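Q:
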Amino acid sequence: EPEVTQTPSHQVTQMGQEVILRCVPISNHLYFYWYRQILGQKVEFLVSFYNNEISEKSEIFDDQFSVERPDGSNFTLKIRSTKLEDSAMYFCASSLDASYNEQFFGPGTRLTVL
Amino acid sequence: GIQVEQSPPDLILQEGANSTLRCNFSDSVNNLQWFHQNPWGQLINLFYIPSGTKQNGRLSATTVATERYSLLYISSSQTTDSGVYFCAVEAGGFKTIFGAGTRLFVKA
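Chains as they are written, first to last, in my numbering: chain A, 10 to 123; chain B, 743 to 850.
Right under this line is the structure:
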């Protein structure tokens, strides 16, 4: 069964460093998403992406964040200068189309900022 | 923006018991999903249910969109049902809002 994959599973970085989190969505899906979950808290929407453009973003998704689909399979989230409060689990998701928008989630990348 | 409230926040069940989890939302929604977050942190799709009723084994869900709520029923609970159950809604513009979740622990 097709699934969303994410790499790495765990990333440790120093405050101020740039990190890139990678995702491979389900191959025929057209809509892509990033979410984050701070330990013990709820899942928070960051950004949605369609047709090589951001469709929607939350107030969390500030200028430190960017997304890119560099090729036909990968979808990346870049954090330019990490802060301690960026430590969280980051989930990628994808869905097929707008009319049937069931989202499927990857296993997540745990980001630890020291 | 849209508010999503889940109840109860915590639930402890004896194995074999039944339960109902509730999700209320403050505005009309295009989509609604229920997820189970297992102890390893994975988000498992349970139901995609913007309206109506669906069943999958011991689980079923009902969404009454006009009254802005959804219910998740778990029957004959098992220890493997433990984890956090999230309701997530999309109100438009591909922005999905999660509730705070119901943390379920099933005792053997």
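Beta carbons: idealized from backbone N, C-alpha and C, even for Gly. None of these values were measured; they are calculated from a predicted model.
1) Taking 8 Å as the cut-off, does the segment 753-767 of chain B touch the segment 805-825 of chain B (at least 3 CB pairs, one atom from each stretch)?
2) What residues in its chain sit with their C-beta under 6 Å from that of residue 75 of chain A, if we drop five residues either side in the sequence?
3) List, in chain order, every chain B residue whose beta-carbon is nearer than 7 Å to that of residue 116 of chain A.
4) Going by beta carbon distance, what residues of the same chain come within less than 6 Å of residue 752 of chain B, once the five residues before and after it are set aside?
5) Taking C-alpha atoms, which residue in A:96, A:56, A:22 and A:29 lies nearest to residue 199 of chain A?
6) From residue 111 of chain A to residue 93 of chain A, what distance separates their C-alpha atoms?
7) Tell me which same chain residues have a C-beta within less than 8 Å of the C-beta of residue 83 of chain A, skipping the five on either side of it?
8) If you draw a straight line from the alpha carbon of residue 29 of chain A to that of residue 825 of chain B, how long is it in whole angstroms?
9) Using a Cβ cut-off of 8 Å (strictly closer), state whether residue 836 of chain B contacts chain C.
10) Near residue 807 of chain B, what residues of its chain come up, given a Cβ to Cβ distance below 6 Å and the 5 sequence neighbours on each side ignored?
11) Residue 791 of chain B: buried (16+ other C-beta within 10 angstroms of its C-beta) or exposed?
12) Given that a residue counts as buried once 16 or more other Cβ atoms are within 10 Å of its Cβ, and exposed if not, what is residue 98 of chain A?
13) Are the CB atoms of residue 116 of chain A and residue 36 of chain A nearer to each other than 8 Å?
14) Sort out for me which residues DSSP pairs residue 59 of chain A with in a bridge.
15) Counting contacts by CB-CB distance shorter than 8 Å, is residue 757 of chain B in contact with chain A?
16) Taking beta-carbon pairs under 8 Å, can you tell me which members of the segment 838-849 of chain B lie near chain A?
17) Residue 104 of chain A and residue 177 of chain A - do their beta-carbons sit closer together than 8 Å?
18) Quick check: the Cα distance between residue 41 of chain A and residue 773 of chain B, rounded to an integer number of angstroms?
19) Relative to chain B, which residues along the segment 39-51 of chain A have a C-beta separation below 9 Å, given in chain order?
A: The short version:
1) Yes, since at least three Cβ pairs between the segment 805-825 of chain B and the segment 753-767 of chain B fall closer than 8 Å, the two stretches touch.
2) Excluding sequence neighbours, residue 75 of chain A sits near 87.
3) Those within 7 Å of residue 116 of chain A in chain B are 784.
4) 845, listed in sequence order.
5) Chain A is shown only over 10 to 123; residue 199 of chain A falls outside these bounds and no answer can be derived.
6) Approximately 32 Å, taken between the alpha carbons.
7) The beta carbon of residue 83 of chain A is closer than 8 Å to those of 31, 32 and 33 in its chain, skipping five residues each way along the sequence.
8) Here the alpha carbon of residue 29 of chain A sits roughly 29 Å from the alpha carbon of residue 825 of chain B.
9) Looking for chain C here will not work: the only protein chains present are A and B.
10) Here the set comprises 793.
11) Classification of residue 791 of chain B: buried, given that the 10 Å Cβ count is 16 or more.
12) Under the 10 Å beta carbon count, residue 98 of chain A is surrounded by 16 or more other beta carbons and is classified as buried.
13) For the pair residue 116 of chain A and residue 36 of chain A, the CB atoms are not nearer than the 8 Å cut-off.
14) DSSP lists A:40 and A:62 as partners of residue 59 of chain A.
15) The beta-carbon of residue 757 of chain B is placed no less than 8 Å from the nearest beta-carbon of chain A.
16) Answer in chain order: 838, 839, 840, 841, 842 and 843.
17) Since the first residue of chain A shown is 10 and the last is 123, residue 177 of chain A is not available in this structure.
18) In a straight line, the C-alpha of residue 41 of chain A is about 16 Å away from that of residue 773 of chain B.
19) Taking 9 Å as the Cβ-Cβ cut-off against chain B, the residues of the segment 39-51 of chain A that qualify are 40, 42, 44, 46, 50 and 51.
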